[in-house]
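Accompanying notes for the structure given below.
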Amino acid sequence: MRKAPHTMSDINSPRLIATAVAAAFGVIGAVGLFVYQKIREQQQTERVRRDLDKMGETMAELQAQLDLLRLQQNQRRNRERISRRKPNLKNSSTYSATDNDTDVDAFSTADTEFDDDEFFDFSDMESGDGDNERISGPTNELDRTLAETDKLIEASELRPGSECEEALSTLRNLLVKYPDNIEVIWRLARACHRCSTNATETSKKLALIVEGLKPCERFEEADSADFHKWYAILIGSHGMFLSTKEKIEGGYRFKKHLNKALEIRPEDPVLHHLSGRFKFEVAGLTWIERKVASTLFAEPPSATYEEAIVDFERAEELTIKPFKDNKLLLGKCYVAVGRYQDAIRWFEETSNIPTVSEEDRVSQNEADQLLSKYSKYRS
Numbered sequence: 011m012r013k014a015p016h017t018m019s020d021i022n023s024p025r026l027i028a029t030a031v032a033a034a035f036g037v038i039g040a041v042g043l044f045v046y047q048k049i050r051e052q053q054q055t056e057r058v059r060r061d062l063d064k065m066g067e068t069m070a071e072l073q074a075q076l077d078l079l080r081l082q083q084n085q086r087r088n089r090e091r092i093s094r095r096k097p098n099l100k101n102s103s104t105y106s107a108t109d110n111d112t113d114v115d116a117f118s119t120a121d122t123e124f125d126d127d128e129f130f131d132f133s134d135m136e137s138g139d140g141d142n143e144r145i146s147g148p149t150n151e152l153d154r155t156l157a158e159t160d161k162l163i164e165a166s167e168l169r170p171g172s173e174c175e176e177a178l179s180t181l182r183n184l185l186v187k188y189p190d191n192i193e194v195i196w197r198l199a200r201a202c203h204r205c206s207t208n209a210t211e212t213s214k215k216l217a218l219i220v221e222g223l224k225p226c227e228r229f230e231e232a233d234s235a236d237f238h239k240w241y242a243i244l245i246g247s248h249g250m251f252l253s254t255k256e257k258i259e260g261g262y263r264f265k266k267h268l269n270k271a272l273e274i275r276p277e278d279p280v281l282h283h284l285s286g287r288f289k290f291e292v293a294g295l296t297w298i299e300r301k302v303a304s305t306l307f308a309e310p311p312s313a314t315y316e317e318a319i320v321d322f323e324r325a326e327e328l329t330i331k332p333f334k335d336n337k338l339l340l341g342k343c344y345v346a347v348g349r350y351q352d353a354i355r356w357f358e359e360t361s362n363i364p365t366v367s368e369e370d371r372v373s374q375n376e377a378d379q380l381l382s383k384y385s386k387y388r389s
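Counting with UniProt numbering, you get residues 11 to 389 for the letters of the sequence shown.
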């Protein structure tokens, strides 16, 4: 992560200007992005839990209907057995037009969409091979499998291990079966990104990023916030392996898909955080970096720290669980605009959040250094 604000003295630093320009135009580090998804995934977990509860209620209703139909079937069969055993009692009052019989008939097929032939045999439904199962089964199976991969990715976030590779393997198989399913595609992109952050070999990192990008390229206009979010993240990660011009081009694509995701899901705190980070990096461009960008493109992106603050504060408003990096960057933005007391407050809030990961530790160390540097501005 680059410091802000930049000065002309940066020109003489060992850091390559091209690298700084690439970062400013959306080449956000894969490790940093790893932590930004925590908030949204917790929300997704809650949404999946609510969906499962609703599914359970629906299944209970279907079971009640099945029990009712089974009761009607048994009653009809009982009447038929009685009729076969007592054929001469047709005009008898014992079983011809009793109030009970009339009530049962009125409650059976008269009030359903089935005729006699349609609900006499329930063996198919009970064994899971009925029409409803054939229609909804594959979808339910896919949903369950996707939910399992979500859990694996969430687990890999807390303790990097085999869960990420397991999720990726499952999603690769699903992509073969459902090549046009956007829910499969964006999850594959996410898994490729996550696994790339765990990879130690540069070649493997690149291969995983490219693998995640390839299926996304066919769905540039997809109506899915998750798709555009993870496509943007992979585009940014890919920039680390590209030329300067390609990195800047990637920055435009990054912003394009980030904006699309925000249009679809404006209440996503992670998207506002990413937008704020993009503006933070662009606002920190030095004069020479802007000149390099302008020689490659007529209109390089422009942004201010004030605009970045708006995005970061919006992320703070929307998030369920605070995360350190958003607060840290808010503090750095306020330093950049000379509002040091506001910066101190955000650095202190950064420290108030428990450190639970390596990314948190890095953010905390930087917050501690900045608190020490600007401590004289404490009110």
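Backbone N, C-alpha and C define an ideal beta-carbon position, used for all residues, glycine too.
| task | Say whether the segment 360-367 touches the segment 329-344, bearing in mind that this needs 3 or more beta-carbon pairs closer than 8 Å, one atom from each stretch. | result | Verdict: yes, contact present.
| said: Nearest by alpha-carbon distance to Y387: which of V366, G348, E369 and F322 is it? | reply: Residue G348 holds the alpha-carbon nearest to the alpha-carbon of Y387 among V366, G348, E369 and F322.
| field | For T360, the first and last residue of its enclosing alpha helix (DSSP H) | value | Its alpha helix (DSSP H) spans residues Y350 to N362.
| request: Taking all protein chains shown into account, decide if W356 is buried (16 or more other Cβ within 10 angstroms of its Cβ) or exposed. | output: That one is buried.
| field | Sequence-distant residues of its chain with Cβ nearer than 6 Å to L216 (five each side left out) | value | Hits under 6 Å: F251.
| Just to confirm, are L268 and L284 a CB contact at a threshold of 7 Å? | In this structure, L268 sits near L284, with a CB-CB distance shorter than 7 Å.
| query | Taking only runs of the alpha helix (DSSP H) that begin and end inside the segment 200-225, which ones reach a length of at least 4 residues, in chain order? | reply | For secondary structure counted as the alpha helix (DSSP H) over 4 or more consecutive residues, the segment 200-225 holds no complete run.
| said: Residues in the same chain with beta-carbon distance under 6 Å from L380, minus the five sequence neighbours each way, listed in chain order, please. | reply: Excluding residues within five positions, the ones whose Cβ falls inside 6 Å are F357.
| query | Starting from K331 and walking both ways along the alpha helix (DSSP H), at which residues does that stretch end? | reply | Per DSSP, K331 belongs to no alpha helix (DSSP H) and is neither H nor E.
| query | Nearest-angstrom Cα distance between V292 and K265? | reply | Going by the C-alpha atoms only, they are around 12 Å apart.
| Looking at the structure shown, is T314 part of a helix, part of a strand, or coil, going by DSSP? | It is coil, neither helix nor strand.
| said: Tell me the DSSP secondary structure of S385 in three-state form. | reply: Assigned with DSSP and collapsed to three states, S385 falls in helix.
| task | Locate the alpha helix (DSSP H) running through N269, then write down its first and last residues. | result | Its alpha helix (DSSP H) spans residues T254 to I274.
| said: Using the three-state DSSP reduction, which class does T365 fall into: helix, strand or coil? | reply: Coil.
| query | Do L178 and A201 have their C-beta atoms within less than 7 Å of each other? | reply | Cβ distance < 7 Å, so L178 and A201 count as in contact.
| request: Would you kindly check if the distance between the Cβ of A318 and the Cβ of F290 is under 7 Å? | output: Yes; because the gap between Cβ atoms is below 7 Å, this pair is in contact.
| query | Sorted by chain position, which residues of the same chain lie with C-beta nearer than 6 Å to T314's C-beta, five sequence neighbours on each side aside? | reply | The answer, listed in chain order, is A293.
| message | Between which residues of its own chain and K161 is the CB-CB distance below 7 Å, once the five residues before and five after are set aside? | response | There are no such residues.
| Extent of the continuous alpha helix (DSSP H) run through L295 | From DSSP, L295 is part of no alpha helix (DSSP H); its letter is neither H nor E.
| request: Indicate the three-state DSSP secondary structure (helix, strand or coil) for residue 1 in the structure shown. | output: An answer regarding residue 1 cannot be provided, because it is not within the stretch 11 to 389 covered by the chain.
| message | So, at 7 Å on beta carbons, what are the nonlocal neighbours of S312 in its own chain, with the 5 sequence-adjacent residues on each side left out? | response | Closer than 7 Å at the Cβ level, and outside the excluded window around S312, lie V292.
| said: Looking at the secondary structure, which residues open and close the alpha helix (DSSP H) in which E173 lies? | reply: In the DSSP assignment, E173 falls within the unbroken alpha helix (DSSP H) covering S172 to K187.
| task | Quick one: residues in its chain with C-beta nearer than 6 Å to the C-beta of D352, no 5 flanking neighbours on either side, listed in chain order? | result | Correct list, in chain order: Y344.
| query | Hey, would you say H282 sits closer than 7 Å to D233, going by beta carbons? | reply | Cβ distance not < 7 Å, so H282 and D233 don't count as in contact.
| task | Give the secondary structure of E167 by DSSP, where H, G and I count as helix, E and B as strand, and everything else as coil. | result | E167 falls in the helix class under three-state DSSP.
| query | Hey, is I363 close to the ligand ATP, as in C-beta under 6 Å from one of its heavy atoms? | reply | Ligands are entirely absent from the displayed structure, and the ligand ATP is therefore not among its contents.
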